[in-house]
Ligand SMILES: Cc1ncc(COP(=O)(O)O)c(C=O)c1O
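Residue numbers (this note's numbering): 218 to 522.
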């Protein structure tokens, strides 16, 4: 990762200088993709820097590792504490992206990862603002299908899974789109290259259920909670590709993307090319929640200072 962030990187229990956090080229994860990771946001406000749903992210990191029996040397609590320790020692006060990563170290060419295999944990932090440049994005359906639970389980946020997202992203960018949407093995909508997807028709909010190869997104869960709280019916069900073209509104959710409106799919305009009113309501509520403006959701925020 080129992004140089804070001067320190948390590496197996120590805060090392960025330049000193190095690994050998024989690292197993580099050859076989044996790594799992998380993406977490810290939101700067006038009062504090808040980490959004830190614990849920570390829980998912543990679940992702368990799929491949990657030994986790640190508990969920220890990883949460390590994140706070890193941010405090690095004196981070601005909005940031936090990247915990667990990977297999020196393990030769042995593919049999067991509970005795050597793993390492790093936590990187760097300043981060918006992921997508525009308020509403143009998308296409990728010719690549989403990976499936019967091969490389999408529910584990594993490094190797992202080769699928990279192919889809390259194709969409080459063809002039902002983001790609992948179909699952059956041909229903799964998710975008790095985000979950939501569709709104007749004031009902739909999202593909997790059996469609979609990641169990933490922002997805947040958006579902917000939509229900705002009084909308939310349904998790299969969404055929064509239904995207008929949508009143579409939006993506993700830690990096937050809540981002889709204004076209395959050049079919959605909501006259603008963010729809329900998406706007959900996005604005999300912004308030992550910056500590809604007391009810303060349980999702970990103050750093
Ligand atoms: C493939 C994929 N789907 C969905 C998401 C959204 O997940 P979350 O909201 O937990 O960031 C991400 C981002 O982590 C992702 O990489």
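Ideal Cβ placement from N, Cα and C applies to all residues, glycine included.
Predicted model, so just to flag it, every value in this text is computed and none were measured.
| field | Of the listed residues 474, 382, 440, nearest to residue 506 (C-alpha basis) | value | For this step, residue 506 is matched to residue 289 along the chain shown. The candidate whose alpha carbon is nearest that of residue 506 is 440.
| field | Residue nearest to residue 345 in terms of C-alpha spacing, selected from 475, 280, 500 | value | Looking up residue 345 in the chain shown gives position 128. When only C-alpha atoms are compared, the closest one is 475.
| request: State yes or no: is the C-beta of residue 408 within less than 8 Å of the C-beta of residue 431? | output: Against the chain shown, residue 408 aligns to sequence position 191. Against the chain shown, residue 431 aligns to sequence position 214. Closer than 8 Å, so yes.
| query | Cβ of residue 432 within 7 Å of any heavy atom in ligand 1? | reply | Working through the chain shown from its first residue, we reach residue 432 at position 215. Checking every heavy atom of ligand 1 against the Cβ of residue 432, one is found closer than 7 Å.
| request: Report yes or no: do three or more beta-carbon pairs, one from the region 330–344 and one from the region 222–240, lie closer than 8 Å? | output: yes
| task | Go to residue 413, then tell me how far its beta strand (DSSP E) extends in each direction, as first and last residue. | result | Your numbering for residue 413 matches position 196 in the chain shown. Residues 413–418.
| field | Which residues DSSP lists as bridging residue 227, in chain order | value | Taking the first residue of the chain shown as 1, we reach residue 227 at position 10. Partner(s): 232, 340.
| Identity of the residues DSSP links to residue 466 by a beta bridge | Locating residue 466 in the chain shown gives position 249, where the first residue counts as 1. 417, per the DSSP bridge assignment.
| Thinking C-alpha only, which one of 298, 292, 271, 352 is nearest residue 314? | Position 97 of the chain shown, counted from the first residue, corresponds to residue 314. Cα-wise, what sits closest to residue 314 is 271.
| message | Could you check if residue 418 belongs to the surroundings of ligand 1, using beta carbon to heavy atom distance under 7 Å? | response | Position 201 of the chain shown, counted from the start, is the residue given in the question as residue 418. No - ligand 1 has no heavy atom lying nearer than 7 Å to the Cβ of residue 418.
| field | DSSP-derived helix/strand/coil call for residue 280 | value | The sequence position of residue 280 within the chain shown is 63, counting from 1. Residue 280: helix per DSSP, three-state reduction.
| request: Using 7 Å as the cut-off, classify the Cβ of residue 437 as near or not near the heavy atoms of ligand 1, replying yes or no. | output: Taking the first residue of the chain shown as 1, we reach residue 437 at position 220. Under cutoff, so the answer is yes.
| message | Closest to residue 364 by C-alpha separation, out of 480, 325, 428, 235, would be which residue? | response | Residue mapping note: residue 364 aligns to position 147 of the chain shown, counting from 1. Of the listed residues, the one whose Cα sits closest to residue 364 is 428.
| Three or more C-beta pairs closer than 8 Å, one from the region 352–364 and one from the region 285–295: is that the case here? | no
| Is the region 403–421 close to the region 311–326, with three or more CB pairs under 8 Å? | no
| task | Examine ligand 1 and report whether any of its heavy atoms sits within less than 7 Å of the Cβ of residue 331. | result | Within the chain shown, residue 331 is the residue found at index 114, counting from 1. The answer is no for residue 331.
| request: Could you work out which residue in 361, 403, 402, 401 is closest to residue 523 when comparing CA atoms only? | output: The first residue shown for the chain is 218 and the last is 522, placing residue 523 beyond what the model contains.
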